[in-house]
Each structure stands twice: as C-alpha cells, then as structure tokens.
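Protein chains: 2
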Amino acid sequence: MNPAVGRPRSSGADEAILRAGRELMTEHGYAGFSMDEVARRAGVGRQSVYRRWPSKPVLVVAAMTSVGADVDVFADTGSFEGDLRSGLEAMRALYHRSSAALFADVYFAMASDLAARDLFNENHVRPRRRSLARAVERAIERGELARETDVSTVTDLVSGPFLYRRLIAADDLRDVLLDAIVEAVLLLYGAKPQQSSATIDRCSPA
Amino acid sequence: MNPAVGRPRSSGADEAILRAGRELMTEHGYAGFSMDEVARRAGVGRQSVYRRWPSKPVLVVAAMTSVGADVDVFADTGSFEGDLRSGLEAMRALYHRSSAALFADVYFAMASDLAARDLFNENHVRPRRRSLARAVERAIERGELARETDVSTVTDLVSGPFLYRRLIAADDLRDVLLDAIVEAVLLLYGAKPQQSSATIDRCSPA
DNA sequence: TGCAATACGCAAGTCTCGTATCGTTTCATC
DNA sequence: GATGAAACGATACGAGACTTGCGTATTGCA
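So the sequences go chain by chain: H and W.
With my numbering applied, the first sequence corresponds to residues 2 to 207, in that order.
With my numbering applied, the second sequence corresponds to residues 2 to 207, in that order.
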C-alpha cells in the first residue's frame, strides 16, 4: 500500500524486464518465448515480472510501447494536409513490413485482455489521437477545416485503414490509399471547397 | 498421404467438433473451455480434434467462421449507396455489443497463430471483400462510380474504421462514422456528383 | 485371406502461464 | 539497534495446450 514502507523496488529492474521483452519479441515473436526467459534475460526472478505486469499480453504491450510514446506524430508543418501526410508517413514507417508480424502480435494480443488494451490506448493510441486533434484544431484555426469537424471520425478514418492493411491484408500501405485518406478527410471536412493540392495532383499531368 | 488408403475419417465428426466449439465459445468464451471439453462434447477423442485442427486458436476460428461464410454482405439493393449501407449495417450487427466479446476472443485467438489468421482471412475476410468488389462492379456498370474506382482502396476505407473501433476503441460503430464512410467513398469515386465538388468531376472533362 | 495405411479412443508425458509460498534482503520508522 | 512492511530470487503447484505412444478398428489392395 504505502510506497514508502518496505523494501523499495529494484531500480533498473523495470527497464531490464521491458528491454528483455522487447528483445525477445523482435527475436522470436509473441509465441516464441516464455515469461521465464524474460525473467532470466532480465536477471530477475519470475515473480518480479508478474509483480509489475499481470500477464504476458500486458508485458508485451508495455515493452513494445514504452519507447517513443511522446512523439508528436502529426506535427505542425504549416498546413493541415502537410500535417496529415507527414503523420501518415511516420505511421507507415513505424508499421513497415519488417515489423509487421511484430505489430500484428501486439494488436491481436490486446483483443481480449482489457488491461493490455487500456495500456496500449494510454501509451500508443492516445498520444497519436491527441496529436491529430491538435492538427485538426490548427486547421480549423487556419480555416482549412470546418468548425464542426468531428475529430473522432477523422481519427477512425485515418487510423482504421492503416490497421486493416497491416493486420488483415498483411500488406504495406500503398500510396494510393494514403492519398485517398487525405483526400477523403479534406473532402468531408474541408472548409472551403477550393482546389486543395490533393485533388490537383491527380489532374495536373493532364 | 493417399486419402483413399486407410481408415476413412469419421463422417460427422468434423461438424460435431465445430458445433461443440461454437457452443462452448458462446457459453464460456475462449478461455472458458478446454480442448478436452470440446472432444467430450463432440463425442470424440482429443486426438481426433488435433488431427483436424492443429491448435485451439485455429479450431475456434474455424468454428466461428464456418457458418454464414457464403453470405453476400453487400447484396444488390438497387443502388451502390444502398448496397454499402446495408452491408455496413450487417457488419455492425455482426459485431454488435452482444457478440463483441466473442469476436474479441476470436481476434485474441489469432494473436500467436499464423494459421488461424490465414483461416480467418479465407473464411471471413475474403467473402466480404469479394462481395464488396461485386457491389463496386455493379455501381460502375450503373454509372454510379467512376471506372477507375480502386476496389482495394474502397475495401480499406470501408473495413478499416470498423476494425479500428472494434479492436482499439472496443466500441460500437456510431452512425456518424457510418455516414462518413459512405460519404467519403461516394465523394472520392462517385461518377456523377450533383453540385458537390468531387474529384472525378474536376478531372473528367480532360 | 493377409497386409499396409490410416483413424480411432485412451492415457501418459512435456511445456508454459499464472499463483502461492518459501526464506532472505532492504528500506523507513521507532 | 530492533521491528515491520514490502520486494527479492527460488521453487512448488494447478491447469490447460499440445505431443507421443499404445492397442484397436476400418478401409483398399494383392
């Protein structure tokens, strides 16, 4: 209960366990290692792992989301389309083919583990969602998007296809889909139906 | 090797096992039953289960996707928007709150099992994708969608947000998102936009 | 009628997850 | 110092997934 009472937790054990989890995930995938191996590699007892994280799914999510959680994915580039594109490119890089199986493992592991899902939301989804929300706010401020723009819907439209291609289609995100996402958001919520560069691009060569 | 050699597989055992799996899933959820129970309820030995399906995840996916795999989700309603809306409603109903935990379990079952993922794609994803592709073809035929409509992108835009809300947000599909999906697809690929400035309209005169 | 091949039920054995309990160690507080 | 609370490594445990091996049953073919 009282954190100031009793022996304090071994400093460094948290990070050692997370690192071991990350390494074993990249080396062997979710099913390819046991919690015992995590403990051994981290140099701690098995119980010290379970004292910190209640299950393998939660530990895996914690390990895979513990780095780079504070990045502003949809950073300010001057225009909403720029913010959106650079953010999507960053996500595309993160979900790149090399780590596809890895992220599939993480996503599916969350599905029925409520604690793992909450942690994933906290560490991964929320920062990105907030970053996108800020980009939308800036866009409304600039007059690029309508005031009624529904951030939640934009998030779903932007992130959903990503997830689908990575998990279900098990394929990279193609340029045509990335363009379609950007264009769809601009068409749905663009404040002024003026010619956005997204639509011009498709016509300009002609 | 040769299927005509040796004792043939017990006819009916396949279906009995799948039925038992389905029942136990709906009654107790993925973690709530053992393979032993599946075998007992189906009236077969445990090995007869593993002879047909290599793991519990694969069996569960097989059991949950073995019925209704041939439904034409995006059936012909007379218009593309109708097809799309009725299909989305059907998917929403399938993933509805009552069966949400069930499908979360199925996703979880796929977590560490590539074979289960492949089977899910084969039995669940592919038929829906094909159904949507047929609806798009009809729409192009009717002149509702542009000839260049990219079926793959439409699939991603339609199914992605669904998956995202189900897997990440663990929430129902809101009406506003469903409307946004329909509108986005129509804006992107609608062949004859009325007065709304759609992309195709600006490109087609060339 | 034999024989090879395969499926069958059954049971024993291995592996891993997650829990519980040991004696020990490290801290704050008395 | 002594004490109590909590973390530590180690280990035993129950449960369930999956494997392996046994003896038997059922088929096609020689």
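Beta carbons are placed, not taken as given, at the ideal position from N, Cα and C, and that holds for glycine.
It should be emphasised that the depicted structure is a prediction, and the values quoted were computed from it without experimental measurement.
Which residues DSSP lists as bridging residue 146/H, in chain order: 191/H, per the DSSP bridge assignment.
Interface residues of the region 7 to 18 of chain W facing chain H [CB-CB below 7 Å]: Answer in chain order: no residues at all.
Given 8 Å, three or more beta-carbon pairs between the region 110 to 118 of chain W and the region 106 to 113 of chain H: With a cut-off of 8 Å, the region 106 to 113 of chain H and the region 110 to 118 of chain W count as touching, because enough Cβ pairs lie within range.
Within-8 Å CB hit, residue 165/H to chain W: In terms of beta-carbon proximity, residue 165/H lines the interface with chain W, with at least one pair separated by less than 8 Å.
Spatially closest choice to residue 95/W from 70/W, 78/W, 80/W and 118/W, by CA coordinates: Each of 70/W, 78/W, 80/W and 118/W was checked against the Cα of residue 95/W, and the nearest Cα belongs to 70/W.
Min CB distance residue 122/W to chain H below 8 Å: Yes - at least one Cβ of chain H is within 8 Å of the one on residue 122/W.
Beta carbon proximity, residue 160/H to chain W, threshold 8 Å: So, interface residue.
Distance, residue 55/H Cα to residue 153/H Cα: Straight-line spacing of the CA atoms in residue 153/H and residue 55/H works out to 31 Å.
Contacting residues, own chain, Cβ-Cβ under 7 Å from residue 206/W (five flanking each side not counted): Annotation note: pLDDT 38 at residue 206/W (below 50); position unreliable, coordinate value reported separately. Excluding positions up to five away in sequence, the list is empty.
Minimum C-alpha distance to residue 11/W - residue among 29/W, 48/W and 144/W: Taking only the C-alpha atoms, the option nearest residue 11/W is 48/W.
Cβ pair residue 186/W, residue 85/W closer than 8 Å: At the C-beta level, residue 186/W and residue 85/W come within 8 Å of one another.
Contact list for residue 184/W against chain H, beta-carbon separation under 7 Å: Those are 189, listed as they occur along chain H.
Residue 194/W to residue 159/H span [Cα, whole Å]: Per-residue confidence for residue 194/W stands at a pLDDT of 48, beneath the threshold of 50, marking its modelled position as unreliable; no derived number is given.
Residue 104/H: first and last residue of the uninterrupted alpha helix (DSSP H) it sits in: First-last of the alpha helix (DSSP H) with residue 104/H: 101 to 111.
N- and C-terminal bounds of the alpha helix (DSSP H) containing residue 215/H: Here chain H comprises residues numbered 2 to 207, so residue 215/H is not present and cannot be evaluated.
Neighbourhood of residue 91/H by C-beta distance below 6 Å, restricted to the same chain and skipping five residues each side: Within the same chain, residue 91/H has close Cβ partners 74.
N-terminal and C-terminal residue of the alpha helix (DSSP H) that residue 169/H is part of: Careful: residue 169/H lies outside any alpha helix (DSSP H) and carries neither H nor E.
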